[in-house]
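Residue numbers (my numbering), protein chains in the order written: chain A, 1 to 255; chain B, 256 to 454. Yeah, the Cβ is synthetic: ideal placement off N, Cα and C, and Gly gets one too. Because the structure is a prediction, the values reported are computed rather than measured.
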Amino acid sequence: MASHMTRRTALGSAVALGFAASSLGLTGKADAQAKTDMPAKANAQPPTVFTLPPLPYAFDALQPHIDAKTMELHHGKHHQAFINNLNTAAAEYPGLLNKPIQDILKDLASLPEAVRMLARNNLGGHANHSMYWQIMGKPGTKPDSEISAIIERDFGGLEKLQTAFNTAAAKVFGSGWAFVTVSSDGKLAIEARPNQDSPLMDGKRVLFGNDVWEHAYYLNYQNRRPDYLKSWWNVLNWDKVSERYKQAKAGTLVI
Amino acid sequence: MSFTLADLPYAHDALQPYMSKETLEYHHDKHHLAYVNNGNNLVKGTEWEGKSLEDVVKGSFGKNAGLFNNAGQHYNHMHFWNWMKPNGGGAIPGKLEAKIITDLGSVEKMKEDFIQAGITQFGSGWAWIALKNGKLEIMKSANGESPLVMGATPILGCDVWEHSYYIDYRNRRPDYLKAFIDHLVNWEYVDQLFEKAAV
Ligand SMILES: [Fe+2]
Ligand SMILES: [Fe+2]
């Protein structure tokens, strides 16, 4: 339990900081090194280091709704590929990706064209997947009274939210995501995006989201995306959703 | 004219080990069938009802997304099954090979660029060789799009939606593309489309 908590906390703080470097102090350490090792280039920024956030549970924790093999590939290969691409880009374009993820995504247009699509796809993918791992967990959590009341207010109840969300997710043609966004005053809305786009790219905040790229469900559900969508609600971690909701209202929710 | 799903031109297990029976059962019998059924439902009552498939694809592009997606994928998959054969990927018919060398550099370069197009198509889509203004070009497209809506005629396409390779190759799209071009392509069918398009 203790190590479980530590991992959770470490992931939580990195995300709360909103820095691309996901473990504590990585950015700071690189800064210090820049000062001591490269005095001649006082302005030189060290490349940002992106790291894969650890899954906050075991690969098989979401079974039978999401199988262990899918989780292993999804986290260890698909998410890792975004990380690798980002580190290549960060080394090639030092300084450009040295900002909090949500700030870069909100302002993709300001990036040079050569990096823009790369950041959109890979930083979008990194943000989306970091959120996705966090908001899932062992089956069994329930919405608390605060979030239940908000869902009632904004969607007319949990079943209605689930139906509308699943419909939006089923309608994504090809790869993409369905999200529930949350405004700073706590209003919820359902939004879908293609590929690795994210509401963060419009300056919005994501309460939770579901990955409908085929890699997220193909081994277990094949062409039956609606079955995956239905089953997925069992592994939504409502405790985490409540935590994110509070953060959104406090202005501290980042990705 | 309503859309219909033709049988695969070979047995479901005929492309093993490069494409499994299981993949073809889902891909042809489920995914393609869904495009056909959705396409038939969505074309009803539109200005494209009764038109040829190519006219539906070109006409609905940018105007009716639901219909375009399904008709486009029906067109793409209909050819995709024929773009493969058991023991494929062999010699390329002479005239087509010469055209490939002229327009795309060499057979090796064509393969490399085709694979690269498939790898760099972010998300679901297709990699292509198409004839445009009399010249062969390597192209890529998202989701159900194809060279048909880029002013070109496709002569070869490879489906890079994850459903096309996830059972057999998992996340390794490059391995799938290489197996496709080296061991699956039915160059005689590509040649037929080339001859037709070149007229
Ligand atoms: Fe994913
Ligand atoms: Fe397909």
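CB of residue 321 of chain B within 7 angstroms of CB of residue 351 of chain B, strictly | no
Return the CA-CA distance between residue 257 of chain A and residue 419 of chain B, expressed in angstroms with no decimal places.
-> Residue coverage of chain A in this structure runs from 1 to 255, which leaves residue 257 of chain A outside it and unanswerable.
Nearest CA to the CA of residue 49 of chain A: which residue from A:72, A:67, A:84, A:64?
-> A:84
Would residue 418 of chain B count as contacting chain A if we go by Cβ distances under 7 angstroms?
-> yes
Can we say the region 237 to 249 of chain A touches the region 263 to 273 of chain B, given the rule of at least three CB pairs closer than 8 angstroms?
-> no
If you measure beta-carbon to beta-carbon, which residues of the region 76 to 95 of chain A are closer than 8 angstroms to chain B?
-> 77, 78, 81
Which residues in the same chain as residue 52 of chain A place their Cβ atom closer than 7 angstroms to its Cβ, once the five residues preceding and following it in sequence are excluded?
-> 79, 80, 83
Just to confirm, does residue 416 of chain B get its C-beta within under 6 angstroms of one of the non-hydrogen atoms of ligand 2?
-> yes
Is the distance from the Cβ of residue 238 of chain A to the Cβ of residue 209 of chain A below 7 angstroms?
-> no
Between which two residues does the alpha helix (DSSP H) containing residue 355 of chain B stretch?
-> 349 to 359
Let me know if residue 278 of chain B comes out buried or exposed under the rule of 16 or more other beta-carbons within 10 Å of its beta-carbon.
-> buried
Between the C-alpha atoms of residue 436 of chain B and residue 442 of chain B, what's the straight-line distance to the nearest angstrom?
-> 10 angstroms
What is the DSSP secondary structure of residue 436 of chain B, reduced to helix, strand or coil?
-> helix
With hydrogens ignored, establish whether the beta-carbon of residue 175 of chain A is closer than 6 angstroms to any heavy atom of ligand 2.
-> no
CB-CB under 7 angstroms to residue 235 of chain A, same chain, minus the five flanking residues each way: which ones, in chain order?
-> 62, 65, 66, 136, 137, 139
Where do the ends of the alpha helix (DSSP H) carrying residue 368 of chain B lie?
-> 362 to 375
Of all Cβ atoms in chain A, is any one closer than 7 angstroms to the Cβ of residue 401 of chain B?
-> no
When the Cα atoms are used, what is the spatial distance from residue 29 of chain A to residue 409 of chain B?
-> Bear in mind that a pLDDT of 33 at residue 29 of chain A, under 50, signals an unreliable position, so the number given afterwards is only what the model happens to contain. Computed Cα separation, rounded: 53 angstroms.
Using a Cβ cut-off of 7 angstroms (strictly closer), state whether residue 166 of chain A contacts chain B.
-> no
From residue 256 of chain A to residue 161 of chain A, what distance separates their C-alpha atoms?
-> Outside the shown range of chain A (1 to 255) lies residue 256 of chain A, about which nothing can therefore be said.
Is residue 216 of chain A near ligand 1, in the sense that its beta carbon is under 6 angstroms from a heavy atom of that ligand?
-> yes
Taking the continuous alpha helix (DSSP H) assigned at residue 311 of chain B, which residues delimit it?
-> 308 to 315
Using 7 angstroms as the limit for Cβ to Cβ distance, is residue 179 of chain A near chain B?
-> no
Residue-level contact to chain A via CB, residue 378 of chain B, 7 angstroms cutoff = yes
Cβ of residue 73 of chain A within 7 angstroms of Cβ of residue 428 of chain B?
-> no
For residue 429 of chain B, the three-state DSSP class (helix, strand or coil) = helix
Check whether the Cβ atoms of residue 316 of chain B and residue 404 of chain B sit closer than 7 angstroms, and answer yes or no.
-> yes
Cβ-Cβ distance between residue 399 of chain B and residue 327 of chain B below 7 angstroms = yes
Where residue 211 of chain A falls, given that 16 or more other Cβ within 10 Å makes a residue buried | buried
Between B:440, B:390, B:406, B:382, which lies nearest to residue 396 of chain B when the distance is taken from Cα to Cα?
-> B:382
Could you please give me the residues that DSSP links to residue 396 of chain B through a beta bridge?
-> B:381
Identify every residue that forms a DSSP beta bridge with residue 177 of chain A.
-> A:193, A:211
The region 119 to 135 of chain A contacting the region 147 to 163 of chain A, beta-carbon criterion three pairs below 8 angstroms | no
Could you confirm whether any beta carbon from chain E is found closer than 7 angstroms to the beta carbon of residue 175 of chain A?
-> Among the chains of the structure shown, chain E does not appear; the protein chains present are A and B.
Contact under 7 angstroms by Cβ, residue 291 of chain B with residue 260 of chain B | yes
Going along the chain, which residues of the region 221 to 247 of chain A sit with their C-beta nearer than 8 angstroms to a C-beta in chain B?
-> 222, 223
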